Amino acid sequence: MLNTDSFEQALYEDGKRAFGKIIEEKGEDLYVIGLYHFGGWDAVMPLFNTHSDLVPLQEVTYGEDQKGYELGVKWCPSDFPSLEEYHEYFDRSTREIQRLRGQFDELGEDLQAHWQQTLKAMQRVLNRLDAEGVFSQRVNRDNLTLYIANYDEDYSCRYERVKKLNPESVLKRVSSEFEYMINLHEKWQRELLAEMAAELKAESDGRLE
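Numbering (my numbering), first residue to last: 1 to 209.
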């Protein structure tokens, strides 16, 4: 088991300063706020987006599935124009998350368990800050989704954390959007597997001729 105490405390202190500043400057224009990581122990930074930044992205016409595109840019952090802003507030947290990596063998069988432990530490920090009212000062908490994500994690994992980070008032508003994206990505996965199977069959049939 990792000792995440120092990381968790650093993240709490960094987050309290950074999120307070973000909310002060962005206010009710925010619709999402939380933590972004890189799928490992390299760095952690604040994640947020505003309606003002979202609207121009959603106005782009996308032929195959307009709804899927609009929800994708709404919930995919790599599309947020603000992604790396305020990262300097998390220098201490980044040092601490990198120290966690030194506690274990990255090729060991417990790698996934260590990562889940790290994610739970992030979740506890956001829950703690939320309980202290950080995310309800100057804004209506019912309109703000707390979120932890990285660039390549599937939506089902993100949604499970959303349910643990947010009140029912938020879940009533966003659950259908995450469920849509989960179903869409599962459909894409099925189509990809079917395409691969068809290609393998064609190759096999070609060798038999």
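Note that beta-carbon positions come from the ideal geometry of N, C-alpha and C, so glycine has one too. A quick note: this is a predicted structure, and the numbers were derived from the prediction, not measured.
Helix, strand or coil for residue i per DSSP?
{"i": "V60", "result": "coil"}
{"i": "Y31", "result": "strand"}
{"i": "N3", "result": "coil"}
{"i": "F19", "result": "helix"}
{"i": "F48", "result": "strand"}
{"i": "Y36", "result": "strand"}
{"i": "A194", "result": "helix"}
{"i": "A149", "result": "strand"}
{"i": "D14", "result": "helix"}
{"i": "V139", "result": "coil"}
{"i": "S82", "result": "coil"}
{"i": "L144", "result": "coil"}
{"i": "G133", "result": "coil"}
{"i": "G220", "result": "Residue 220 is absent from the model: the chain starts at 1 and stops at 209."}
{"i": "E109", "result": "coil"}
{"i": "A202", "result": "helix"}
{"i": "A43", "result": "coil"}
{"i": "D91", "result": "helix"}
{"i": "P167", "result": "coil"}
{"i": "D65", "result": "coil"}
{"i": "D154", "result": "coil"}
Hey, how far is the Cα of residue i from the Cα of residue j?
{"i": "N140", "j": "E96", "result": "32 Å"}
{"i": "H185", "j": "I33", "result": "23 Å"}
{"i": "A113", "j": "F104", "result": "11 Å"}
{"i": "Y89", "j": "S175", "result": "31 Å"}
{"i": "K163", "j": "F178", "result": "11 Å"}
{"i": "Y155", "j": "I182", "result": "6 Å"}
{"i": "V60", "j": "N49", "result": "17 Å"}
{"i": "D53", "j": "L192", "result": "32 Å"}
{"i": "R173", "j": "Y180", "result": "13 Å"}
{"i": "K187", "j": "K201", "result": "21 Å"}
{"i": "R190", "j": "M196", "result": "10 Å"}
{"i": "V55", "j": "P167", "result": "25 Å"}
Cutting at 6 Å between CB atoms, please list the residues of its own chain near residue i, excluding the five before and the five after it.
{"i": "L165", "result": "L126, L146"}
{"i": "E70", "result": "Q58"}
Can you find the residues in the same chain that come closer than 7 Å, C-beta to C-beta, to residue i, ignoring five residues on each side of it along the sequence?
{"i": "D130", "result": "L146"}
{"i": "A149", "result": "Y36, L47, P77, R158"}
{"i": "R161", "result": "Q123, I148"}
{"i": "L100", "result": "L2, T4, F7, W41, T118"}
{"i": "R138", "result": "I23, E24, G27"}
{"i": "G15", "result": "V125, L129"}
{"i": "F38", "result": "N150"}
{"i": "D29", "result": "T50, H51, S52"}
{"i": "G20", "result": "V134"}
Taking residue i and residue j to be in contact with their CB atoms under 8 Å, please state how far apart those CB atoms are, rounded to whole angstroms.
{"i": "V134", "j": "S93", "result": "15 Å between Cβ atoms; not a contact."}
{"i": "A18", "j": "Y86", "result": "5 Å"}
{"i": "L144", "j": "Y31", "result": "7 Å"}
{"i": "S169", "j": "D152", "result": "Actually they do not touch by this definition, with Cβ atoms about 30 Å apart."}
Can you name, in chain order, every residue of its own chain whose Cβ lies under 8 Å from the Cβ of residue i, other than the five neighbours on each side?
{"i": "F80", "result": "L47, F48, N49, D53"}
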